[in-house]
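As they're listed, the protein sequences go chains L and Z.
Heads up, the final residue of the first sequence is numbered 659 in the numbering used here, and it's a clean run with no missing numbers.
Heads up, the final residue of the second sequence is numbered 659 in the numbering used here, and it's a clean run with no missing numbers.
Even for Gly, the Cβ is constructed at its ideal location relative to N, Cα and C.
To start, the structure under review is shown below, and the notes come after it.
Number of protein chains: 2
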Amino acid sequence: MDRIVLGHGSGGKLMHELIREQFGPAFGIAGFGDSAILDVNLQKLAFTTDSYVVSPLFFPGGDIGELAVYGTVNDLSVSGARPLYLTAGFIIEEGFPFEHLKAIVVSMSKAAEKAKIKIVAGDTKVVNKGKGDGIFINTSGIGVLSDGIEFSAAKIRGGDTVLVSGQVGNHGVAVMSERNGISFDPPVVSDSAPLNSLIERVCEVTKEVRFMRDPTRGGLATTLKETAIESGKCIRVKERTIPVAPQVKGACDLLGLDPLYVANEGIVVAVVDPSAAEAVLEVMRQHPYGVNAHIIGSGEDSPKGMVLQETRAGGTRIIEMLQGEQLPRIC
Amino acid sequence: MDRIVLGHGSGGKLMHELIREQFGPAFGIAGFGDSAILDVNLQKLAFTTDSYVVSPLFFPGGDIGELAVYGTVNDLSVSGARPLYLTAGFIIEEGFPFEHLKAIVVSMSKAAEKAKIKIVAGDTKVVNKGKGDGIFINTSGIGVLSDGIEFSAAKIRGGDTVLVSGQVGNHGVAVMSERNGISFDPPVVSDSAPLNSLIERVCEVTKEVRFMRDPTRGGLATTLKETAIESGKCIRVKERTIPVAPQVKGACDLLGLDPLYVANEGIVVAVVDPSAAEAVLEVMRQHPYGVNAHIIGSGEDSPKGMVLQETRAGGTRIIEMLQGEQLPRIC
Chain L
329 MDRIVLGHGS GGKLMHELIR EQFGPAFGIA GFGDSAILDV NLQKLAFTTD
379 SYVVSPLFFP GGDIGELAVY GTVNDLSVSG ARPLYLTAGF IIEEGFPFEH
429 LKAIVVSMSK AAEKAKIKIV AGDTKVVNKG KGDGIFINTS GIGVLSDGIE
479 FSAAKIRGGD TVLVSGQVGN HGVAVMSERN GISFDPPVVS DSAPLNSLIE
529 RVCEVTKEVR FMRDPTRGGL ATTLKETAIE SGKCIRVKER TIPVAPQVKG
579 ACDLLGLDPL YVANEGIVVA VVDPSAAEAV LEVMRQHPYG VNAHIIGSGE
629 DSPKGMVLQE TRAGGTRIIE MLQGEQLPRI C
Chain Z
329 MDRIVLGHGS GGKLMHELIR EQFGPAFGIA GFGDSAILDV NLQKLAFTTD
379 SYVVSPLFFP GGDIGELAVY GTVNDLSVSG ARPLYLTAGF IIEEGFPFEH
429 LKAIVVSMSK AAEKAKIKIV AGDTKVVNKG KGDGIFINTS GIGVLSDGIE
479 FSAAKIRGGD TVLVSGQVGN HGVAVMSERN GISFDPPVVS DSAPLNSLIE
529 RVCEVTKEVR FMRDPTRGGL ATTLKETAIE SGKCIRVKER TIPVAPQVKG
579 ACDLLGLDPL YVANEGIVVA VVDPSAAEAV LEVMRQHPYG VNAHIIGSGE
629 DSPKGMVLQE TRAGGTRIIE MLQGEQLPRI C
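Here's what the structure looks like:
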């Protein structure tokens, strides 16, 4: 392959290859996790970046501005950090309506307030008409890690419990429905939400969190596979325990999508010590963004690096990363 | 005006209006300086972001990758911070050649080494063909401030000395020449360079630095005007002391450009106590990136907020910010 294809931005297999073969060696890093954890004068900081190119810019349950704030807040939060400050970089296409820009900026401001973070610096570039697509937004963020907090896939042990904090597939189906002019009754809205307070609650009830990640591009399946590879363990999940809204399931059936590969923007996968599982489930369900939390499976010592799903029919399915691109420009 | 125009990304007057009227009120910040200075657990950090959309991607003396590293390094450095870590966010157009991506990534890696910073996290998004322009790169950076270092336009006093560390206009003319297929003999190359080591040297010889800024988009003129407004002082400069390479002057004459408004990527404007001026000039000139440093003028108590230039002809010219857009997509 000698040219970039949409799949390189999917969060799936092609993107992992791009990171492994290009960015990793050049920048001297093993992989791009949710955040880099840095020691700055004895203070542990998390530092992360994400660009947002979602199309359309406004969709049921959110917009690119809100997404750009929550997405980066969540990348810091799942690293165990308390998000503090964000920067915002705008690349705007010439001719973009001012009223849309205003709506997006107001949405970012509200999202920042809701997530209790501050947007402290910014940048605006304008590109010629036809050389962009309305607006792209980059947000980068820093957060601080409390003493002793260190989430890492390497900490996962056989017997650990795997939870997800909410239903899967809502964001992707909401964006896709807006893009294609399809509506559902009841409507499917994006799950876009800041997860910092939910994750803080979890950390208050247990010190036994091994690892967290938010299953965005590539969906739950890709995140579970990454977790299995990075931990060198097997992740075994039960299909019937993975929460999927009925209308999301219906939409996916209709469109030939698998909800496990559809993007989310407001849920987290958590791997915890089994002794803490019920307490974590309880505290998630008490939180407004975790009412649909479920225990979905467990870590096992083997087969290493694999994700196995017990299907409703009683069989076992091997879950791989997203291949190619199912729904481009979902975030 | 109800739509975004190229001038909103120029670094000049329209961009300042956009910041003052849209981003400032929404995000609760007075303006977007080079970096936000933050207190994080008793540690002073600088945090900044910039997106790079330069066209063409490769130009005499540099490319978008190098620019993306040095630009953010410089924004941290002129805030008085020691740059430490950068993130890199790529927005790539479908169909972009892999070999160009490789060249850009290698260039970023070399630039990071030269600037002695680390790229620690990244993100890649791919947009459909025709919805981008090859590649856009966002870099965000953090740095630490040493005790007592605090550059601020508010510190400028009447009688202070204004210096520039090198010739103005080289970057803009180099990009423009590549874009339009014009060549000069000797060639005009971008001044793109990391300024952290030069600025560190300056801080070693004096504690009397009031303020620094790198005159990128909008050129030296816009930076001087910003400095005058932010300080509430007058900046008075002498045309004959502002260093401009002969071939840049020639190109500007030919094309009807004013070198004072042409973008730079490797020079800094410094305002220092007059007692330190000669020592700062000396240390700049000893540095590879400061051989063409000059004292160009002084701060005065009035007329407040104005920039006055003594012309070669002996007159006085009022310098305003860049109006509209002279050379779009210069960085």
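Closer than 8 Å to chain Z by CB, residue i
i        : result
L/Gln651 : no
L/Pro298 : The displayed coordinates of chain L run from 329 to 659. Any statement about residue 298 of chain L would go beyond what the structure contains.
L/Arg541 : no
L/His336 : yes
L/Pro425 : yes
L/Leu429 : yes
L/Asn498 : no
L/Lys341 : no
L/Arg410 : no
L/Arg568 : no
L/Ile484 : no
Simplified DSSP state of residue i, which is helix, strand or coil
i        : result
L/Val434 : helix
Z/Asp451 : strand
L/His428 : helix
L/Gly339 : coil
L/Met329 : coil
Z/Val492 : strand
L/Asp391 : strand
Z/Phe512 : coil
L/Ile477 : coil
Z/Glu648 : coil
L/Glu653 : coil
Z/Glu422 : coil
L/Glu593 : coil
Residue i - partner residues in DSSP beta bridges
i        : result
L/Lys566 : L/Glu638
L/Asp367 : L/Lys372
L/Ser379 : L/Asn466
L/Tyr287 : Given that chain L is displayed from residue 329 to residue 659, the structure contains no residue 287 of chain L and the question cannot be resolved.
Z/Ile623 : Z/Leu491
L/Glu532 : L/Glu532 is not bridged to any residue.
Z/Val600 : Z/Thr489, Z/Val537
Z/Phe386 : Z/Asp391
C-beta neighbour in chain L for residue i, strict 8 Å
i        : result
Z/Val406 : no
Z/Gln371 : yes
Z/Gly417 : yes
Z/Gly450 : yes
Z/Glu286 : With chain Z running from 329 to 659 in the structure shown, residue 286 of chain Z is simply not present.
Z/Asp367 : no
Z/Asn466 : yes
Z/Tyr413 : yes
Z/Thr551 : no
Z/Gly460 : yes
Z/Leu523 : no
Cβ-based burial, residue i [other Cβ within 10 Å; buried from 16]
i        : result
L/Pro656 : buried
Z/Ala449 : buried
Z/Met329 : exposed
Z/Ile646 : exposed
L/Leu370 : exposed
Z/Ile510 : exposed
Z/Glu441 : exposed
Z/Asp451 : buried
L/Thr619 : The amino acid occupying residue 619 of chain L in the given sequence is Val; Thr does not appear at that position. Classification of L/Val619: exposed, given that the 10 Å Cβ count is below 16.
L/Gln654 : buried
Z/Leu582 : exposed
L/Lys430 : exposed
L/Glu532 : exposed
L/Glu554 : buried
Z/Arg545 : buried
L/Asp629 : exposed
8 Å contact criterion, which residue i and residue j should meet: CB distance rounded
i        : j        : result
L/Arg538 : L/Val496 : Not quite, the Cβ-Cβ distance comes to about 21 Å (not below 8 Å), so this is no contact.
Z/Leu320 : Z/Gly408 : Coverage of chain Z is limited to positions 329 through 659, which leaves residue 320 of chain Z absent and any answer about it impossible.
Z/Val516 : Z/Pro616 : About 18 Å; that fails the 8 Å criterion.
L/Phe436 : L/Ile447 : The identity of residue 436 of chain L in the sequence shown is Met, whereas the question assumes Phe. Indeed, because the Cβ distance is near 7 Å, the residues count as touching under 8 Å.
Z/Gly462 : Z/Leu385 : 6 Å
Z/Val381 : L/Lys457 : So it is not a contact: roughly 14 Å between Cβ atoms.
Z/Ala396 : Z/Ile465 : 4 Å
L/Leu588 : L/Gly547 : 6 Å
Z/Ile624 : Z/Val530 : Contact doesn't hold; Cβ gap of about 16 Å is too wide.
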